[in-house]
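Heads up, the sequence shown is in our numbering, so the first residue is 34 and it goes up one at a time.
So the structure is just underneath, and the comments pick up after that.
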Amino acid sequence: MPEIPELEAIREFFTEHLPGKPILSAEARIPVVIRTPARDVRETLAGDKFGPLLRHGKFLLFPLASNRVLAINPMLTGRFQYVPAEKKPAAKTCLIVHMEGGRDVRYADERLMGKIYMVPAGALDGIPNWATNGPDLLDPKFTEDAWMAGLKRYRGAIKGIITNAEFVQGVGNAYSDEILWEAKINPYTPKTKLAEDDLRALYRAARAVMAWATPLVRGAMVKGDILDYEERRDFMRVHRRGGQPCPRCGTPITEITANQRITSFCRNCQPGGPQAK
Ligand SMILES: [Zn+2]
34 MPEIPELEAI REFFTEHLPG KPILSAEARI PVVIRTPARD VRETLAGDKF
84 GPLLRHGKFL LFPLASNRVL AINPMLTGRF QYVPAEKKPA AKTCLIVHME
134 GGRDVRYADE RLMGKIYMVP AGALDGIPNW ATNGPDLLDP KFTEDAWMAG
184 LKRYRGAIKG IITNAEFVQG VGNAYSDEIL WEAKINPYTP KTKLAEDDLR
234 ALYRAARAVM AWATPLVRGA MVKGDILDYE ERRDFMRVHR RGGQPCPRCG
284 TPITEITANQ RITSFCRNCQ PGGPQAK
């Protein structure tokens with residue numbers, strides 16, 4: 034599932050390559066993921082131009098010169114490409130935007146769970162859950178004090194809280210493991226058992242992990258002026274590294290699967306857990 038580092042890397046790439054280039058035409062090949070009429074998407078895009086991209090939580094936002102925004106949430110399996118127009122489309126390619134200069138922006142989605150909207154700029158809060166979700170982790174207004182204030186409303190295991198979009202957006206299952214490892218906090222420790230210093234350290238770890246991972250992800254999916262998204266997480270230090278030595282202390286990483294989610298952590302560096310005192 035794309036999280037902030039993947040989406041930031043894609044946002045940076047498209048912002049370098051798309052603004053100012055005319056859009057020739059668009060094809061809505063699998064309309065089920067398109068939550069506004071597919072015809073609107075096709076007709077709005079043709080002849081328009083993209084501006085610099087934005088990201089909000091797990092939405093990638095493509096602002097248009099016509100004052101509309103193409104908003105895409107790739108959910109579990111959505112992926113973006115920027116490839117030569119003659120390249121055969123991948124299976125489950127939902128949307129193709131043909132750019133002047135012979136490149137396509139493509140969106141493919143194996144499980145078709147992603148969501149694509151075309152909305153007027155300023156009407157993004159009409160997108161379901163937009164208004165009720167919490168701030169984006171990298172929003173400059175989301176300071177360490179705002180993080181502490183937001184946390185007051187939550188109880189339960191800390192991993193469940195930092196992956197809850199109503200608290201903070203952009204953190205998912207994989208990077209939450211990296212963040213908790215960085216901060217030396219056990220994913221199952223109840224928030225109420227953590228000291229204020231730990232919760233503050235967690236904020237700094239969250240931002241540090243995003244800054245560390247984004248260029249690594251970008252290096253894996255960008256080749257020159259071609260973007261071909263592929264989920265590459267082999268640089269991760271703890272997530273899905275069950276049984277391998279912790280890079281900090283050498284203890285074998287523990288891996289627990291519950292509700293189809295894998296949680297990986299180091300029992301030595303991240304003591305505590307459900308019974309933490
Ligand atoms: Zn360790």
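Positions of the beta carbon are idealized from the N, C-alpha and C atoms, including for glycine.
Taking all protein chains shown into account, decide if V65 is buried (16 or more other Cβ within 10 angstroms of its Cβ) or exposed. exposed
Under DSSP, the beta strand (DSSP E) around L93 begins and ends at which residues? In this chain, the beta strand (DSSP E) harbouring L93 covers F92 to P96.
Could you name the residues that DSSP lists as bridge partners for M151? L103
Exposed or buried, which one is D230 when buried takes at least 16 other CB atoms within 10 Å? exposed
For C302, count neighbouring C-beta atoms within 10 Å of its own C-beta (all shown protein chains included) and say buried if the count is 16 or more, exposed if not. buried
On the CB-based measure, 16 or more other CB atoms within 10 Å of its CB, does F92 come out buried or exposed? buried
Which residues in the same chain as R112 place their Cβ atom closer than 6 angstroms to its Cβ, once the five residues preceding and following it in sequence are excluded? A141 and Y262
State whether the segment 116 to 127 contacts the segment 72 to 91, with contact taken as three or more CB pairs (one from each stretch) at a distance under 8 angstroms. no
Exposure of R44, with buried meaning 16 or more beta-carbon neighbours within 10 Å: buried
Say the cut is 8 angstroms; is the CB of T284 nearer than that to a heavy atom of ligand 1? yes
Taking Cβ positions, are M181 and E39 nearer each other than 9 angstroms? Their beta carbons are not under 9 angstroms apart, which means M181 does not touch E39 by this criterion.
Test item: CB-CB of I195 and A239 under 9 angstroms: Against a cut-off of 9 angstroms, the Cβ pair of A239 and I195 comes out as a contact.
Integer-rounded CB distance, given that Q277 should sit under 8 angstroms from I286: 6 angstroms
Going by beta carbon distance, what residues of the same chain come within less than 7 angstroms of K217, once the five residues before and after it are set aside? Excluding sequence neighbours, K217 sits near C302 and Q303.
heavy atom of ligand 1 below 8 angstroms from C299 C-beta: yes
Inter-residue spacing [alpha-carbon to alpha-carbon] between A309 and T222: 6 angstroms
Which complete alpha helix (DSSP H) runs does the segment 253 to 290 hold, if anything under 4 residues is left out? none
Environment of E49 [buried if 16+ CB atoms lie within 10 Å]: exposed
Are the Cβ atoms of L94 and V130 separated by less than 9 angstroms? no
As assigned by DSSP and simplified to three states, the class of R68: coil
Give me the Cα-Cα distance between M146 and K174, rounded to the nearest whole angstrom. 30 angstroms
If we ignore side chains and look at the alpha-carbon of each, how far apart do P70 and V204 end up? 30 angstroms
With a 10 Å radius around its C-beta and 16 neighbouring C-beta atoms as the bar for buried, classify E143 as buried or exposed. Under this definition E143 is an exposed residue.
Residue range of the beta strand (DSSP E) that includes A141: R136 to D142
Please determine, among R72, K224 and A98, the residue with the shortest C-alpha to C-alpha distance to P52. A98
What is the DSSP secondary structure of T126, counted as helix, strand or coil? strand
Hey, F200 and Y208: beta-carbon distance below 9 angstroms or not? no
How long is the line joining the alpha carbons of R294 and G80, rounded to whole angstroms? 43 angstroms
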